[in-house]
Amino acid sequence: MDVRRARFEAIAPVVIDAVRRYLARRTDAATADDVLSETLMVCWRRLDEMPAEHLPWAYGVARYCLANAERGRRRQARLTARIARLDPPPEAVAGPAPAGPDLTAVLAEMRPEDAELLRLWAWEDLTPEQIGVVLGVSGNAAAIRLHRAKQKLRKLIERAGHEESTEGSRP
Amino acid sequence: MTDDDLRAHLRRADPGASLPQLPPDRIAPLLEHTMAVPFAEATVTPITTSARRRRVALLAAAVVVLFGVTAGWALLRPSSGPESTAGVPDVQLPAISSASVTRLTATGMVAKCMEPTAELLRSRTDFAFAGTVQEIDGGVVTLAVTHVYLGTPVDLVQVAQEGGASETMLGSGKFEQGGKYLVAASEGAIRICGYSGEADAPGLQALYDAAF
């Protein structure tokens, strides 16, 4: 048992940091807290199944727990949905004015599956093989889907850039 | 636009990058809270009729467990500790034509429990429902679902109830014909420790109302 504890304590800080970011990118703060706690619980219970490369696996657990939490939440009163809309995931901090179109809006325009592949690639910094672990598909399938999603994103960025240059930036 | 450009573009829209690290004094209690939980509840995976690939994989895992392969059990739950070695009986679930059946397991293991709270009920449950026992046949209890508090809506839930289940649920301790129950499950296993039981067990309905 102590060996298990020691292993978990060694792994957990990195997992906590990564999963917190993963959740902050995808849900509101309150749900993120709940799902983080649940994800850790699953990691603790399934520590023996956790592969050496534990982050993609932990993202996969978090993804599953988040989907569960959101399914439950959808069934709650409309009020909850309203609160969630008032308390959306944080936007990127206002830094230096980003060059080019607003990627948050562009991602929202894409199919959720494609947008998720791009997030896992760019934000979680995962390889196609690792994305496959998170999504429960083969690395090959993830690579093909990621490639297509990148092409779609390029087109959308070009289109948005073109619109901006012809219409001027919206306020 | 190269891949690197694309990634740089995306990263500028990353809302997670600016998240400050959790200070160590908040990590420690989080770890303690996680590791303090004596997860006596056995764990098997849920079966639903969804065609999703993940579910199919889970189905395979659940079938292994339900057929009582002891080695498979040990393999799936190598960490469950000595107190939870009570296996699942060798039962074969009858085929049901309904499109929405969820199967769960209940074991009669000894459990060390923390006091149940609505918060823990909600945060560690992925499926909770109210139902009435329709049939008990060969160790398999079929419940007609009257309300789903959390999880995929289904019409029926089947529970592989261990033959001599000890008194693990609130109330009479096990499912009885015609009885009304509130049941919470986590990953396909019924949560005991005061989270599941007869619907009129003291405080249970209030716990569910508070949690969901």
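Protein chains in written order, with our numbering: chain L, 298 to 468; chain R, 3 to 214.
Glycine is no exception: its CB is placed at the ideal position from the N, C-alpha and C atoms.
Are the beta-carbon atoms belonging to residue i and residue j less than 8 Å from one another?
{"i": "R:Phe177", "j": "R:Tyr151", "result": "no"}
{"i": "R:Thr36", "j": "L:Met338", "result": "yes"}
{"i": "R:Val103", "j": "R:Gln179", "result": "no"}
{"i": "R:Ala186", "j": "R:Arg193", "result": "yes"}
{"i": "L:Ser334", "j": "R:Ser125", "result": "yes"}
{"i": "L:Leu400", "j": "R:Ala15", "result": "yes"}
{"i": "L:Ala355", "j": "L:Thr336", "result": "yes"}
{"i": "L:Tyr319", "j": "R:Gly133", "result": "no"}
{"i": "R:Ala208", "j": "R:Leu172", "result": "no"}
Answer with buried or exposed for residue i, where buried requires no fewer than 16 other C-beta atoms within 10 angstroms of its C-beta.
{"i": "L:Lys447", "result": "buried"}
{"i": "L:Val332", "result": "buried"}
{"i": "L:Ile441", "result": "exposed"}
{"i": "L:Val311", "result": "exposed"}
{"i": "L:Thr328", "result": "buried"}
{"i": "R:Thr148", "result": "exposed"}
{"i": "L:Glu460", "result": "exposed"}
{"i": "L:Glu406", "result": "exposed"}
{"i": "R:Ser198", "result": "buried"}
{"i": "R:Thr4", "result": "exposed"}
{"i": "L:Arg408", "result": "exposed"}
{"i": "L:Ala366", "result": "buried"}
{"i": "R:Gly140", "result": "exposed"}
{"i": "R:Glu117", "result": "exposed"}
{"i": "R:Gly205", "result": "exposed"}
{"i": "L:Ala402", "result": "exposed"}
{"i": "L:Ala326", "result": "exposed"}
Alpha carbon to alpha carbon, what distance is there between residue j and residue i?
{"i": "L:Ala419", "j": "L:Val300", "result": "35 Å"}
{"i": "R:Ala38", "j": "L:His444", "result": "43 Å"}
{"i": "R:Phe129", "j": "L:Cys362", "result": "12 Å"}
{"i": "L:Ile428", "j": "R:Gln136", "result": "44 Å"}
{"i": "L:Ala307", "j": "R:Leu32", "result": "14 Å"}
{"i": "R:Thr144", "j": "R:Tyr183", "result": "12 Å"}
{"i": "R:Leu123", "j": "R:Ala212", "result": "9 Å"}
{"i": "R:Ala162", "j": "R:Ile138", "result": "10 Å"}
{"i": "L:Cys340", "j": "L:Leu404", "result": "30 Å"}
{"i": "R:Cys195", "j": "L:Arg360", "result": "27 Å"}
{"i": "R:Ala120", "j": "R:Asp7", "result": "48 Å"}
{"i": "L:Ala303", "j": "R:Ala10", "result": "37 Å"}
{"i": "L:Gly458", "j": "L:Leu415", "result": "19 Å"}
{"i": "L:Arg370", "j": "L:Glu346", "result": "29 Å"}
{"i": "L:Lys452", "j": "L:Asn437", "result": "23 Å"}
{"i": "L:Leu432", "j": "L:Asp422", "result": "15 Å"}
{"i": "L:Ala315", "j": "R:Val142", "result": "42 Å"}
{"i": "L:Leu344", "j": "L:Glu350", "result": "12 Å"}
{"i": "L:Ala309", "j": "R:Gly181", "result": "43 Å"}
{"i": "R:Leu12", "j": "R:Gly190", "result": "38 Å"}
{"i": "L:Gly357", "j": "L:Glu410", "result": "14 Å"}
{"i": "R:Ser86", "j": "L:Leu450", "result": "Residue placement at R:Ser86 cannot be trusted, given a pLDDT of 32 that sits under 50; what the coordinates show is reported in the next sentence. Each residue's Cα considered, the two are about 50 Å apart."}
{"i": "R:Leu158", "j": "R:Asp27", "result": "45 Å"}
{"i": "L:Thr324", "j": "R:Gly175", "result": "39 Å"}
What distance in whole Å lies between the Cβ atoms of residue j and residue i, which are believed to be in contact at a cut-off of 8 Å?
{"i": "L:Val434", "j": "L:Pro353", "result": "In fact, because the Cβ distance is near 12 Å, the residues do not count as touching under 8 Å."}
{"i": "L:Arg317", "j": "R:Leu24", "result": "6 Å"}
{"i": "L:Ala321", "j": "R:Leu106", "result": "Not quite, the Cβ-Cβ distance comes to about 33 Å (not below 8 Å), so this is no contact."}
{"i": "R:Gly153", "j": "L:Arg342", "result": "Not a contact, Cβ separation roughly 19 Å."}
{"i": "L:Ala439", "j": "L:Pro425", "result": "4 Å"}
{"i": "R:Ile29", "j": "L:Ile313", "result": "6 Å"}
Can you tell me which of the three DSSP states residue i falls into?
{"i": "R:Glu34", "result": "helix"}
{"i": "R:Ala132", "result": "strand"}
{"i": "R:Arg105", "result": "strand"}
{"i": "R:Gln23", "result": "coil"}
{"i": "L:Thr328", "result": "helix"}
{"i": "R:Ile194", "result": "coil"}
{"i": "R:Glu189", "result": "coil"}
{"i": "R:Lys176", "result": "coil"}
{"i": "R:Ala162", "result": "strand"}
{"i": "L:Gly458", "result": "helix"}
{"i": "R:Gly141", "result": "coil"}
{"i": "L:Ala315", "result": "helix"}
{"i": "L:Glu406", "result": "helix"}
{"i": "R:Arg79", "result": "Because R:Arg79 carries a pLDDT of 42, less than 50, the predicted location of this residue cannot be relied on, and the following value inherits that uncertainty. Three-state DSSP puts R:Arg79 in coil, outside helix and strand."}
{"i": "R:Thr154", "result": "coil"}
{"i": "L:Leu423", "result": "coil"}
{"i": "L:Val434", "result": "coil"}
{"i": "R:Glu117", "result": "coil"}
Report whether the distance from the Cβ of residue i to the nearest heavy atom of the ligand FAD is below 7 Å.
{"i": "R:Arg13", "result": "With respect to the ligand FAD, the structure shown offers nothing to examine, as it has no ligands at all."}
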